[in-house]
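Presented below is the structure to which this report refers.
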Amino acid sequence: MEFERARSREHVLERKKEILNACARLFDEYGFDGVNFKAIGALTSFTRPAIYKYYSSKEEILLDLFTQDLKLWDMDIQVMITSNETMDKDTYAKALTETFMRHQRLLKLLSILFSSLEKNCSLEKLITFKKDMHTHTFNFILSLEKFFPDASEEQRGQFMTTAISLVLGLYPYTHLSDRQIEAIKKSGVQHITPDFETILSNGLKLLLSDL
């Protein structure tokens, strides 16, 4: 059947949503390597050339998926803000950790954001993504302003940057692939994989001590 061009912005968004849902399904089941235009085409009404009308690479689709999940995470932070008048540092660290734990795909995407996702997309797409990323961390900033009003803007900014860096590096370190685990065993090196949630919560507490 001949591909029919989208006639409206709503139609375009519907088609992108279909592509995005297929990408999410593939990523959840097979990871980054399992996402490709051929596999997406098999799960949608699109041929491979038709997908290129909306995205130039799988990384661009995954960036949109990241943005979607980031928005949901930021909404969780909003709930945390509205549900608590005050929070001490330990309680905040635990609550923030719990928001991350509820969004496992976001954690996986964040761990490859700079090494893979941002490398193979157009400059225009990357600019849009950076703007969206800033928008969807608004409640994170707001939570720090509400619960730690005595901290300076610089201190809150440093906490945000370091906290995200902690998550970005910690997740792949605590979620090794079967191949990595096999290599460790065969190397004869003793290795106990740390618990992501515990280390993240403790790490956030340490970072909050500077606020």
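Under numbering that gives the first Met the number 0, the residue at position 140 of the sequence shown is numbered 139, and the numbers go up by one with no gaps. Note that beta-carbon positions come from the ideal geometry of N, C-alpha and C, so glycine has one too.
Check your understanding: alpha helix (DSSP H) containing Phe-26: first to last residue?
Key -> 8-29
Check your understanding: Taking all protein chains shown into account, do 16 or more other C-beta atoms lie within 10 angstroms of the C-beta of Lys-57, making it buried, or fewer, making it exposed?
Key -> buried
Exercise for review: Check each candidate in Pro-48, Arg-8, Gly-187, Lys-88 and name the one with the smallest Cα separation from Leu-205.
Suggested key: Lys-88
Check your understanding: Is the Cβ-Cβ distance between Tyr-51 and Arg-14 less than 8 Å?
Key -> no
Review point. Using 8 Å as the Cβ pair cut-off and three pairs as the minimum, do the segment 63-79 and the segment 103-119 touch?
Key: yes
Point to revise | Among Leu-61, Thr-173, Asp-177, Leu-95, the one whose alpha carbon lies nearest that of Asp-27 | key: Leu-61
Point to revise | Run of the alpha helix (DSSP H) containing Phe-195, from where it starts to where it stops | key: 195-207
**Study point:** Closer than 7 Å: Leu-106 CB and nearest the ligand SAM heavy atom
**Key:** As far as ligands go, the structure on display features none, and thus does not contain the ligand SAM.
Exercise for review: Leaving out five residues on either side along the sequence, give the residues of the same chain with a beta carbon under 8 Å from the beta carbon of Ile-18.
Suggested key: Ile-39, Thr-43, Phe-45, Ile-50, Tyr-53, Tyr-54, Ile-60
Check your understanding: Distance, Cα to Cα, Glu-1 vs Lys-129?
Key -> Interpretation of Glu-1 is limited by its pLDDT of 40, a score under 50 that renders its predicted location unreliable; no figure is taken from the coordinates.
Check your understanding: Roughly how many angstroms separate the alpha carbons of Glu-9 and Ala-23, rounded to a whole number?
Key -> 21 Å
Check your understanding: Is it the case that the Cβ atoms of Leu-169 and Phe-139 are separated by a distance below 8 Å?
Key -> no
Review point. Quick one: what does DSSP say Met-79 is sitting in, helix, strand or coil?
Key: helix
Point to revise | Inter-residue CB distance, Leu-96 and Leu-199 (contact presumed, cutoff 8 Å) | key: One point to set straight first is that residue 96 is Thr, not Leu, in the sequence displayed. Going by Cβ atoms, the distance from Thr-96 to Leu-199 rounds to 5 Å, so yes, they are a contact pair.
Exercise for review: Under 8 Å by Cβ, that's how I've got Leu-143 and Phe-158 pegged, so tell me the actual separation to the nearest angstrom.
Suggested key: 7 Å
Exercise for review: From the DSSP output, in three-state form, read off Ala-49 for me.
Suggested key: helix
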